[in-house]
Amino acid sequence: MTTALAIRTILEIAAVIFVIFGVLHEQKFIDFEDKVIRMIAKKIYLRKRKKAIARKRAAQQARRQREEQQRRAEIYSFVA
């Protein structure tokens, strides 16, 4: 028995057990699905928010660097 076949067999058995459990305990299964969906939605929301914050910080940092370069250029124009 190869490793791939063993893993496939275990997954098939787990799927059958999961379906049987879902039929016997339908409300618990629905609650579990809702919990998983909420968890995934929360992760997606937090990931999007984190990316937006990172983009905002990068834009602020770029703006600060441009402003600093302009200040330095003004200072050097007075010195030169």
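Residue numbers (my numbering): 166 to 245. Ideal Cβ placement from N, Cα and C applies to all residues, glycine included.
- In this structure, the CA atom of Ala-169 is about 29 Å from the CA atom of Phe-194.
- Within the same chain, no Cβ atom closer than 6 Å to the Cβ of Gln-226 is found once the five residues on either side in sequence are excluded.
- Here Thr-167 carries a coil assignment [DSSP, helix/strand/coil].
- In the same chain as Gly-187, and ignoring 5 residues on each side of it, the C-beta atoms closer than 7 Å to its own belong to Phe-194, in chain order.
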